[in-house]
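Trainee: This structure is in structure tokens; I'll ask about it shortly.
In my numbering, the protein residues as written are 24 to 440.
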């Protein structure tokens, strides 16, 4: 068995005077990480070497110490906790954040305690403006160690506020944070929400949908949505006033999260508020799924309880991804329903055309084609595995050609059988 470690050599090369040598060493380090070829001793060596001082790399966003820690993070080990704790103070800012992320992926109370202690130390030094909690997100644990301490970090930066409350929401949804445990956080959550409400409230009289995706409004909308969702796990009497005010808003996304939190608290929500959410293709699918999850699907507005309505929601949801339109289209029309045979039986694809208006970047492209589906006949679903658009002009092809070309493209996506 080999005991030779490649890390000391790479660490020396990362300190070399010439950029070419440093760049080559970084690439070799990254290759080791991708291949998962690091031996346990090398992972430990990488965590120790990351505490060194390194000259700049080719790009400002690159950091040798961070790269060394990310290599070790390919195979987290309980042995890493003590090494990180000992060397943390010598890590660069980005290396510290990478080390904290690594600790979340070690399922031990020792690692969780180290994470909290070092996060607080990082915050004290002004080096903490975000918090990667991937390991806790995927495997919630040690709630009594993390909370309420982490909530104290939320006011330090907008990004930290998002990271901390998102983790808190994950734990609340997992049943690991009770209302009693969260009762002391009500004031801070309401204060944070009300800051965003000052941006959101004056915009609710606008028409159309484009205004909801403008930068300032969109950022406040995202943060407020998270906080409104979180309010569903706080003592009802402390948040009901804020939640009920949101039910009067025009923005269906905000109404959705307020309504779902009220229902989760066992409080009533007027049918007209739920209908406003269901009328929004952006939020229709989320409403259906959440009501089903809460066992309250009977509250879902009947006129939108059709596969055509849910297929439209699937199409629009896909379009709102940042890598796609990153917005709700201003107009969308169902052009054709195509029945197909699948391994699960007969199903339908829904072919749409959609367009945006200026100033959206796609406005000049006019009507474009997209599909949602397949949806099995005889049962309602909000998810179509092939929902997709190549953003081709609608008039460039026949409906049948659009269907064929889009499904062919989807079939070529890596990872699909």
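Glycine included, C-beta positions come from ideal geometry on N, C-alpha and C.
Bear in mind that the values here come from a model prediction, so they are computed numbers and not experimental data.
(1) Below 8 Å, can you find three or more Cβ-Cβ pairs linking the segment 188-197 to the segment 229-245?
(2) Quick test of your reading: residue 66 and residue 98, contact by CB under 8 Å. State the CB separation rounded to the nearest angstrom.
(3) Return the residue from the list 148, 103, 111 and 112 that minimises the CA-CA distance to residue 133.
(4) Along the chain, where does the beta strand (DSSP E) containing residue 371 start, and where does it finish?
(5) Going by Cα to Cα distance, which pick from 267, 288 and 401 is closest to residue 278?
(6) Taking its Cβ as the centre, do 16 or more other Cβ atoms sit within 10 Å of residue 57, making it buried, or is it exposed?
(7) Between the beta-carbon of residue 393 and the beta-carbon of residue 358, is there less than 7 Å?
(8) Quick check on residue 84: buried or exposed, where buried means 16 or more other Cβ atoms within 10 Å of its Cβ?
(9) Pull up the CB-CB distance for residue 405 and residue 291, whole angstroms please, since I reckon it's below 8 Å.
(10) The alpha helix (DSSP H) that contains residue 63, what's its start and end?
(11) Looking at residue 336: is its Cβ nearer than 7 Å to the Cβ of residue 308?
(12) Based on Cα-Cα distance, which residue from 375, 386, 415 and 367 lies nearest to residue 402?
(13) Which two residues bound the contiguous alpha helix (DSSP H) that contains residue 106?
(14) Does the separation of the CB atoms of residue 44 and residue 53 fall below 7 Å?
(15) Which class does residue 357 belong to by DSSP, given the choice of helix, strand or coil?
(16) On the criterion of 16 or more Cβ atoms from any shown chain inside 10 Å, does residue 441 qualify as buried, or is it exposed?
(17) Could you tell me the distance, in whole angstroms, from the CA atom of residue 187 to the CA atom of residue 333?
(18) Is there contact here, the segment 315-334 with the segment 204-219, by at least three beta-carbon pairs under 8 Å?
(19) Out of 435, 125, 89 and 232, state which residue places its alpha-carbon closest to the alpha-carbon of residue 355.
(20) Give, in chain order, every unbroken run of the alpha helix (DSSP H) that is at least 4 residues long and sits entirely within the segment 152-189.
(21) Does the distance from the CB of residue 94 to the CB of residue 70 come in under 7 Å?
(22) Determine the DSSP secondary structure at residue 399, reduced to helix, strand or coil.
(23) Secondary structure at residue 365, three-state DSSP: helix, strand or coil?
(24) Using the rule of at least 16 other Cβ atoms within 10 Å of the residue's Cβ for burial, across every protein chain shown, is residue 89 buried or exposed?
(25) Answer yes or no: do residue 295 and residue 324 have a C-beta to C-beta separation smaller than 7 Å?
Mentor: In this structure, then:
(1) no
(2) 6 Å
(3) Residue 103 is the option with its Cα nearest to residue 133.
(4) For residue 371, the uninterrupted beta strand (DSSP E) run begins and ends at 368-378, by DSSP.
(5) That would be 267, whose Cα lies nearest to the Cα of residue 278.
(6) exposed
(7) no
(8) Its Cβ having fewer than 16 others within 10 Å, residue 84 is exposed.
(9) About 25 Å separates the two Cβ atoms, so there is no contact after all.
(10) 63-72
(11) yes
(12) 367
(13) 103-110
(14) no
(15) strand
(16) Missing from the structure shown is residue 441; the chain here goes from 24 to 440 and no further.
(17) 32 Å
(18) no
(19) For the residues 435, 125, 89 and 232, the minimum Cα distance to residue 355 belongs to 232.
(20) Runs of the alpha helix (DSSP H) inside the segment 152-189: 157-161 and 166-169.
(21) Going by beta carbons, residue 94 and residue 70 fall outside the 7 Å limit.
(22) strand
(23) strand
(24) buried
(25) no
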